[in-house]
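S.K.: Okay, here's the structure, questions in a sec.
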Amino acid sequence: MDVKLSIGGEDVGMNKSIKEEVQKDEGGAPMELLENKMDSLEEEEIWKSRRERMNNALAAAQATGGQDPTETYAAARKLADVIERANVEEFISAIEGLPNQTDLFAIFNFLGLWSGSLLHIAAATKKDDTLWLLLAYVSDHFIAAQNEWGDTPLHMAARAGGSRATVMLIRRASNWPNVEDKNRMLRMQNKHGNTALHEAVLKCHVHAVRFLLKKDLEPVYLKNKAEKSPLYLALDTKDSAIHKALFTVSLEPSRIEGLPPIHGVILHRNYDLLGQILRKDTKLFTMRDSRGGNVFHLAAFWNDPKVFKFLQPETEYLAQEQDNNGDLPIHIASKRGHVKLIHKLHLVSKWVNGKGQTVLHVAAKYGKEEVVRYILKDQDLRLMINERDDDGNTASHLAVKYLHLTALIHLVLDKDMDPYILNHEGLAAVDIARLSSQAGLRRGLARILLSSVSNDRTDRFISKPEARDKGHAHEILPTKEADAVINTMLVVATLVAGGSFAAGFAVPGGSNGSDLASKDDRGMATLLDNRKFQAFVICNTVAMLCSMASVIGFMFAYLTEIHISIFGCHLAGLLLAISLPPMSAAFLIGVILTIEKLPWLAIVMVILGSTFVLVITAALVSPFVAIFLSWLPRFRKKHLRPIRPLISSLFRVYMILFRIERTFISDDSKVHRTASKTSTSPPDGDAED
């Protein structure tokens, strides 16, 4: 094993060069203790004595052969305890107190302690004298030995903030013969992906950070397992001194791995640092994330207007850059519904994204009603209303396609909206609503809204002959879908019929018994003369008969061919809808009859029950109203245009109350989004107008 057996003349104590490096790094701060140790003859004598004692102990260990691992661990554990609680003198005394046959070299190079080796422990506890002593007796490769967490002694020193320990370890590594190996220790990463620089930044040890940066700048670009470089980690510390140490050095932003630091500055809302970066390093300011977004894309997403104060003539080109999905910052603001940012950006930004979509297209696609309303009120932006994207779709086409009815209402009510524009598939907005494969109330409401401004287009069947087959097929419910609907409705109707039948015999108050009642009153309901009971009987009977009729209707529909099944479904569905409110009312009346002697409780039940009966009735009636309106000829005529805002407003209130305006859209970017690479985007010439 190649080790030093003694400390040479230049190695006595912590020499002046180390002292000077630490003092220079710490800005000339007084280090009285260090100066008292290093600048006096007494210090030299002390270290000479320590050297002799260590050499004597090592000489006794030279003849030692193999040593049992348990003995090595026990001795190393004992010395580790001494390092943690005592100084270097006691550490040497502990070594001298070990048995003569102890293998000191095996102990010094033992890596099985809780923190690694004695070198790790000395660095972590900032026992600089002990560390300096140990460095003379360990192998070269052991300087960069990693413990079970992947930490080297340099990681431990940087985490502890030991400036002198950091200097000692780096100077010891500088004696390695290979130049690349000298920087290898500075770039080594632990199991969390952190280098020593990462650790120093995390613990806010600014002097260690400055020294490590001076020795090797490469680690500042490296990412850890959390995709964070030291530059990004510095933002989490919120320490201005750390920020200054890292962001004032000359950087190559294209080499930075992981999350872009400039995006972290925005997320931490550190606007002062953002301004400093813009003034010092424009390339760092223009970095993009893995999705191609720059600072203004991110600020538009989070609705951070303060970032747009940095939208200056030299940075306006960033507002015209597309991300990997083809969107500009103004389109991101439109997706998120940030009207104020759209107002600010539309003066310096292009109107269309990579798909040829305007801000209005995006707002309609994502259902941002407030953005649609704002654009249609703006004299310049409202010109987008009939613009078509690369697929030929207008904003109305997209609002119908994704069933965002609150946005569609504003488009329909605008007098400049052209409902007859065809996309590249030859479809107008109303055709998309009619031919949509999505079933449900929203599709029906979309058809009603668009039918109010556009008549049937017979030219569609000429320009696209296949539309004849689609139109005919759309009028016929597929057999599998019909069976599923019938089965579901049949189960519901059977449950209603069973509940109503049971309530008809288990009436509130019970019946007159055979012993106490007269012959004519036997078996009669005890509350027969009560008007509430009479209302209960009527409601329950209506629910029973309608539900039974609907059961028969659904059974009939299930057993016949498809055209008759559709008619049977509609009729049985209407009867089932009629049966549910009376059934609810019968239950409410029955409860009130049993508690009417407690007035306050009866009043609460009346209010609560009536509210829900009205809600149930409205929910059941609304689809039939929608169907009625869709077939009401007068609703489609232009001379009744003034009533469309009223009907549209009613639709809007209905959608808000029942929260049916919910369609989730995932961006269809074809770019791999898990990449963590970053890039810079300096302008190539003048920005586009």
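If you use full-length UniProt numbering, the sequence shown closes out at 689, no skipped numbers anywhere. Glycine included, every Cβ here is placed at the ideal spot set by N, Cα and C. Please read these numbers as outputs of a predicted model, since none were measured by experiment.
#1: Using 8 Å as the threshold, is the C-beta distance between residue 579 and residue 547 below it?
#2: Nearest-angstrom Cα distance between residue 382 and residue 286?
#3: Is residue 449 closer than 8 Å to residue 408 when the C-beta atoms are compared?
#4: So is residue 550 in contact with chain B if we call contact Cβ pairs under 8 Å?
#5: Is it true that the CB of residue 554 sits closer than 8 Å to the CB of residue 493?
#6: Given this structure, state the Cα-to-Cα distance separating residue 97 from residue 211, to the nearest angstrom.
#7: Is the stretch 318-334 touching the stretch 284-301, taking contact as three or more C-beta pairs under 8 Å?
#8: Could you name the residues of the same chain whose beta carbon sits closer than 6 Å to that of residue 35, not counting the 5 residues immediately before and after it, in chain order?
#9: Using the C-alpha atoms, what's the distance from residue 239 back to residue 204?
#10: So what does DSSP say about residue 113, is it helix, strand or coil?
#11: Would residue 155 and residue 196 qualify as a contact pair, given that the criterion is a beta-carbon distance under 8 Å?
#12: Within the continuous alpha helix (DSSP H) that includes residue 332, where are the two ends?
#13: With distance defined between alpha-carbon atoms, name the residue in 558, 509 and 552 nearest to residue 536.
#14: Could you tell me whether the Cβ atoms of residue 88 and residue 50 are closer together than 8 Å?
#15: Compute the beta-carbon to beta-carbon distance between residue 233 and residue 209, rounded to the nearest angstrom, for a pair I have assumed lies under 8 Å.
#16: Once DSSP output is grouped into helix, strand and coil, what is the label at residue 451?
#17: Can you tell me which of the three DSSP states residue 638 falls into?
#18: So the alpha helix (DSSP H) residue 164 belongs to, where does it begin and stop?
#19: Please determine if the stretch 335-350 and the stretch 298-307 are in contact, where contact requires at least 3 C-beta pairs separated by less than 8 Å.
#20: In whole angstroms, what is the alpha-carbon distance linking residue 341 and residue 368?
#21: If I'm right that residue 135 touches residue 168 with Cβ under 8 Å, what's the distance once you round it to whole angstroms?
#22: Inspect the beta-carbon positions of residue 398 and residue 446 and report whether they are closer than 8 Å.
#23: Nearest to residue 289 by CA position, among 305, 254, 311 and 269, is which residue?
#24: Please report the residue range of the alpha helix (DSSP H) in which residue 407 lies.
#25: Quick one: what's got a C-beta closer than 6 Å to residue 150's C-beta in the same chain, skipping five residues either side?
#26: Please report how far the alpha carbon of residue 531 lies from the alpha carbon of residue 575, in whole angstroms.
#27: What residue range does the alpha helix (DSSP H) around residue 544 cover?
#28: Residue 139 and residue 183 - do their beta-carbons sit closer together than 8 Å?
#29: Compute the distance between the beta-carbons of residue 392 and residue 423, then report whether it is under 8 Å.
#30: Going by DSSP, what residue range makes up the alpha helix (DSSP H) through residue 249?
#31: Mark residue 488 as exposed unless 16 or more other C-beta atoms lie within 10 angstroms of its C-beta, in which case mark it buried.
#32: Look at the Cβ atom of residue 265, then the Cβ atom of residue 246, and state whether they are nearer than 8 Å.
#33: Where residue 141 and residue 272 are concerned, what is the direct C-alpha to C-alpha distance, given to the nearest angstrom?
#34: Under a Cβ-count criterion, where at least 16 other Cβ atoms within 10 Å of its own Cβ denotes burial, should residue 99 be classed as buried or exposed?
#35: Indicate the three-state DSSP secondary structure (helix, strand or coil) for residue 125 in the structure shown.
M.R.: With the given structure in hand:
#1: Working through the sequence shown from its first residue, we reach residue 579 at position 579. Working through the sequence shown from its first residue, we reach residue 547 at position 547. Contact flag set, yes.
#2: Here residue 382 refers to the residue found at position 382 when the sequence shown is read from its first residue. Here residue 286 refers to the residue found at position 286 when the sequence shown is read from its first residue. Spanning the two alpha carbons is a distance of roughly 32 Å.
#3: Counting from 1 along the sequence shown, the entry for residue 408 is found at position 408. Counting from 1 along the sequence shown, the entry for residue 449 is found at position 449. Yes, Cβ-Cβ distance for residue 408 and residue 449 is below 8 Å.
#4: No chain B appears in the structure shown, which is made up of a single protein chain.
#5: Taking the first residue of the sequence shown as position 1, residue 493 is located at position 493. Taking the first residue of the sequence shown as position 1, residue 554 is located at position 554. Using a Cβ distance threshold of 8 Å, residue 493 and residue 554 count as a contacting pair.
#6: Your numbering for residue 97 matches position 97 in the sequence shown. Your numbering for residue 211 matches position 211 in the sequence shown. C-alpha of residue 97 to C-alpha of residue 211: approximately 38 Å in a straight line.
#7: Yes: at least three Cβ pairs fall under 8 Å.
#8: Taking the sequence shown and counting its residues from 1, one reaches residue 35 at position 35. Legend: pLDDT at residue 35 = 48, less than 50; position of this residue unreliable, no value from coordinates given.
#9: As a working mapping, residue 204 is identified with position 204 in the sequence shown. As a working mapping, residue 239 is identified with position 239 in the sequence shown. If you draw a straight line from the Cα of residue 204 to the Cα of residue 239, it comes to about 7 Å.
#10: Here residue 113 corresponds to residue number 113 of the sequence shown, with the count starting at 1. Of the three classes helix, strand and coil, the one that applies to residue 113 here is strand, per DSSP.
#11: As a working note, residue 155 is residue 155 in the sequence shown. As a working note, residue 196 is residue 196 in the sequence shown. For residue 155 and residue 196, yes; Cβs fall inside 8 Å.
#12: As a position in the sequence shown, residue 332 is number 332, starting the count at 1. 329-336 is the extent of the alpha helix (DSSP H) around residue 332.
#13: Mapped onto the sequence shown, residue 536 falls at position 536. For the residues 558, 509 and 552, the minimum Cα distance to residue 536 belongs to 509.
#14: For the purposes of this step, residue 88 is identified with residue 88 of the sequence shown, where counting begins at 1. For the purposes of this step, residue 50 is identified with residue 50 of the sequence shown, where counting begins at 1. Yes, the Cβ-Cβ distance between residue 88 and residue 50 is below 8 Å.
#15: Indexing the sequence shown from 1 puts residue 233 at position 233. Indexing the sequence shown from 1 puts residue 209 at position 209. Approximately 11 Å separates the beta-carbon atoms of residue 233 and residue 209; this is outside 8 Å, ruling out the contact.
#16: Walking along the sequence shown from the start, residue 451 turns up at place 451. In the three-state reduction of the DSSP assignment, residue 451 falls in the helix class.
#17: Against the sequence shown, residue 638 aligns to sequence position 638. Because the pLDDT of residue 638 is 47, which lies under 50, any placement of that residue in the model is unreliable, and the number read from its coordinates should be weighed accordingly. In the structure shown, residue 638 sits in a helix (DSSP, three-state: H, G or I).
#18: Taking the first residue of the sequence shown as 1, we reach residue 164 at position 164. Segment 163-173, the alpha helix (DSSP H) holding residue 164.
#19: The stretch 335-350 is in contact with the stretch 298-307.
#20: Your numbering for residue 341 matches position 341 in the sequence shown. Your numbering for residue 368 matches position 368 in the sequence shown. So the alpha carbons of these two residues sit roughly 14 Å apart.
#21: Counting from 1 along the sequence shown, the entry for residue 135 is found at position 135. Counting from 1 along the sequence shown, the entry for residue 168 is found at position 168. Taking the Cβ atoms as the reference, residue 135 lies roughly 6 Å from residue 168, within the contact range of under 8 Å.
#22: What you label residue 398 is simply residue 398 of the sequence shown in a count that begins at 1. What you label residue 446 is simply residue 446 of the sequence shown in a count that begins at 1. Not a contact, by the Cβ cut-off of 8 Å.
#23: Taking the sequence shown and counting its residues from 1, one reaches residue 289 at position 289. Out of 305, 254, 311 and 269, 254 has the C-alpha closest to the C-alpha of residue 289.
#24: As a working mapping, residue 407 is identified with position 407 in the sequence shown. Looking at the DSSP string, the run of the alpha helix (DSSP H) that includes residue 407 is 405-413.
#25: Within the sequence shown, the letter at position 150 stands for residue 150. Cβ within range, chain order: 190 and 191.
#26: The residue labelled residue 531 in the question sits at position 531 within the sequence shown. The residue labelled residue 575 in the question sits at position 575 within the sequence shown. Distance between the alpha carbons of residue 531 and residue 575: 26 Å.
#27: Within the sequence shown, residue 544 is the residue found at index 544, counting from 1. It spans 531-559 - the alpha helix (DSSP H) in which residue 544 sits, taken as one unbroken run.
#28: Residue mapping note: residue 183 aligns to position 183 of the sequence shown, counting from 1. Residue mapping note: residue 139 aligns to position 139 of the sequence shown, counting from 1. Not a contact, by the Cβ cut-off of 8 Å.
#29: Residue numbering aside, residue 392 sits at position 392 when the sequence shown is read from its first letter. Residue numbering aside, residue 423 sits at position 423 when the sequence shown is read from its first letter. Yes, the pair counts as a contact, with Cβ atoms nearer than the cut-off.
#30: Residue mapping note: residue 249 aligns to position 249 of the sequence shown, counting from 1. Here residue 249 belongs to no alpha helix (DSSP H), and DSSP marks it neither H nor E.
#31: Translated into the one-based positions of the sequence shown, residue 488 becomes position 488. Exposed.
#32: Along the sequence shown, one-based indexing puts residue 265 at 265. Along the sequence shown, one-based indexing puts residue 246 at 246. Against a cut-off of 8 Å, the Cβ pair of residue 246 and residue 265 comes out as no contact.
#33: Within the sequence shown, the letter at position 141 stands for residue 141. Within the sequence shown, the letter at position 272 stands for residue 272. Between the alpha carbons of residue 141 and residue 272 lies a gap of roughly 44 Å.
#34: Taking the sequence shown and counting its residues from 1, the one referred to as residue 99 is at position 99. Under a 10 Å Cβ-count criterion, residue 99 is classified as exposed, with fewer than 16 other Cβ atoms of the shown protein chains found around its own Cβ.
#35: Against the sequence shown, residue 125 aligns to sequence position 125. Looking at residue 125 - three-state DSSP - the assignment turns out to be coil, as it is neither helix nor strand.
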